[in-house]
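Note that the numbering used here numbers the sequence shown so that position 161 is 651, with each residue one more than the last.
I have placed the structure first, in the form of structure tokens, so that the comments after it can refer back to it.
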Amino acid sequence: MKIPLSYSWRSLWTRRLTTTMTLAGLALVVFVFAAVLMLAHGIEVALIDTGSDDNAIVIRRSSTSELVSQIERDAANIITTLPQIARGADGKPQASTETYVLINLEKKETGDMGNISVRGISPGAMQLRPQVRLTEGRMFRFGTDEIIIGQNIARRFQGCEIGQTIRFGESDWVIVGHFAAQGSAFESEIWGDVEQFMPSFGRPVFSSVTVRLRNPEEFTRFKASVEQDPRTQMGDVKREREYYREQSALMSSFVRILGLLVTFIFSIGAVIGAVITMYAAVANRTVEIGTLRALGFRRRSVLGAFLVESTLLSLIGGSVGIGLAALMSFVRISTTNFGSFSELGFGFALSPSIITASFVFAVTMGLIGGFFPAVRAARLNILTALREA
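See the structure below:
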């Protein structure tokens with residue numbers, strides 16, 4: 491015969507003070523756990539969503555990123571004319587030869603210097619990135635010293651208002667617009683004409699070539715065409731989305747490992763709190779447990795009832811913790827991307843897998859915390875328990 495679920499619920503309600511304290515501890519640990527996963531996932535989303543499944547990027551073989559890549563102009567011209575590349579309404583290849591460098595700007599809040607990504611683009615770049623849209627001002631004119639700035643940079647760094655001039659490379663650049671890119675890493679970049687940036691930075695070569703494929707399934711053929719042609723064989727071809735996934739790997743792994751280590755330390759305290767709470771419940775209900783056994787409830791029923799209590803505690807605490815973590819979705823922060831050593835703005839991102847993992851983590855803590863007290867309750871001798879009445 492099983493003990494009704496309502497019995498476990500009423501037991502928790504009767505011990506409201508200790509239940510609330512245990513819930514608070516569990517909720518705090520689950521909040522930290524979920525927030526860490528959200529932070530790592532936010533980094534991945536910001537970078538991975540920068541890429542498109544329809545695009546491919548070519549960088550120099552063995553280069554870890556655009557920052558250290560070099561593509562010769564002749565090789566870039568050959569790449570952009572390959573038959574696997576989509577054509578626009580004007581018949582031109584949908585491709586962008588680009589340069590990627592870092593500069594320093596002063597932060598508004600602290601006055602510290604931060605590394606900023608500067609990307610020189612070709613006229614076809616906007617077709618490749620439909621997620622990019624102007625939020626203020628206008629698009630820069632190719633062939634001029636005009637630039638547009640991602641909204642994350644405009645918000646956090648000095649001198650980035652429209653109409654102002656900033657100096658980098660060997661030139662002064664006029665800001666004519668701000669742009670957004672659906673929260674992707676492009677929002678942490680400055681864009682301008684690649685043909686103006688290259689001489690300003692003394693760069694005779696491109697950093698990368700990004701193209702839109704006629705069909706994503708033609709990626710293998712495009713990759714083979716680039717890597718087997720002796721004129722372009724130094725190129726390394728990747729799907730754009732996969733390239734940015736690799737760029738996020740180091741930083742997201744670091745955040746996840748460090749955060750989970752802190753969470754593990756916190757979880758020990760939460761489990762100890764659950765153990766104390768459940769042991770106290772057993773001590774205060776010795777006679778009650780003896781009565782249940784005398785009425786015919788088996789040891790496993792008593793064991794199950796106490797495990798149900800600890801599971802209910804963990805589910806409620808987990809729900810509260812996840813609810814608090816969900817509020818972090820409205821927070822955006824910036825830090826240095828380990829892959830490019832530049833400023834990266836991103837937000838906490840919640841996903842179904844994080845919610846599931848958080849509930850599993852909460853229930854695991856609850857079961858660990860409630861198991862030994864439940865075993866003690868199940869092993870109580872009937873006569874000994876009733877004798878304490």
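Beta carbons are placed, not taken as given, at the ideal position from N, Cα and C, and that holds for glycine.
Since the model is a prediction, treat every value here as computed from it, not as a measurement.
It is roughly 17 Å from the alpha-carbon of Thr-655 to the alpha-carbon of Phe-691.
For the 7 Å CB-CB criterion, Gly-835 and Asn-605 do not form a contact. Setting aside the 5 residues that flank it on each side, Gly-759 is surrounded in the same chain by Gly-515, Val-519, each with a C-beta closer than 8 Å to its C-beta; the list follows chain order.
Counting only runs that start and end inside the stretch 618-662, the alpha helix (DSSP H) elements of at least 4 residues fall at 641-646. Per DSSP, the continuous alpha helix (DSSP H) segment holding Ile-569 begins and ends at 563-569. Per the coordinates, the alpha-carbon of Glu-651 lies some 7 Å from the alpha-carbon of Ala-644. If you draw a straight line from the Cα of Gly-659 to the Cα of Ala-615, it is about 22 Å long.
When the beta-carbon positions are compared, Arg-702 and Gly-667 stay at least 7 Å from each other. Ala-524 and Ile-806 have their alpha carbons spaced roughly 15 Å apart. Annotated three-state conformation of Thr-700 is strand, per DSSP. One thing to note: Thr-587 has its Cβ no nearer than 7 Å to the Cβ of Ala-565. Only residues of its own chain outside the window of five on either side were considered, and among them Ala-546, Val-548, Phe-712, Lys-713, Val-716, Glu-717 have a CB closer than 7 Å to the CB of Val-727, listed in chain order. Burial of Thr-700 is indicated by the presence of at least 16 other C-beta atoms within 10 angstroms of its C-beta. Looking from the CA of Leu-529, the closest CA among Val-850, Ile-844, Thr-625 belongs to Ile-844. Taking a contact as a CB-CB distance under 8 Å, the pair Phe-630 and Pro-613 does not count as one, their CB atoms being some 11 Å apart. Going by beta carbons, Trp-681 and Ile-611 fall inside the 7 Å limit. In the displayed model, Pro-583 falls within a strand according to three-state DSSP.
In terms of Cβ geometry, Arg-619 and Glu-679 do not form a close pair [threshold 7 Å]. For Lys-713, the enclosing alpha helix (DSSP H) starts and ends at 709-718. Shown here, Gly-673 sits in coil according to DSSP, grouped into three states, outside any helix or strand.
By the neighbour-count definition (other C-beta atoms within 10 Å, threshold 16), Met-603 is an exposed residue. In the three-state reduction of the DSSP assignment, Phe-838 falls in the coil class.
Going by C-alpha positions, Leu-817 is about 15 Å away from His-531.
Residue pairing for Ala-546: DSSP places it in a beta bridge opposite Val-701, Arg-729. Take Phe-709, set aside five residues on each side of it, and the residues of its chain with a beta-carbon closer than 7 Å to its own are Ala-546, Leu-703, Arg-729, in chain order.
In this structure, the CA atom of Leu-572 is about 13 Å from the CA atom of Gly-581. Beyond the five residues adjoining it in sequence on each side, Arg-646 comes within less than 7 Å, by CB distance, of Lys-597, Lys-598, Ser-824 in the same chain, given in chain order. Put simply, the backbone Cα of Glu-736 is about 43 Å away from that of Leu-797. Around the beta carbon of Arg-550, 16 or more other beta carbons sit within 10 angstroms, so the residue counts as buried.
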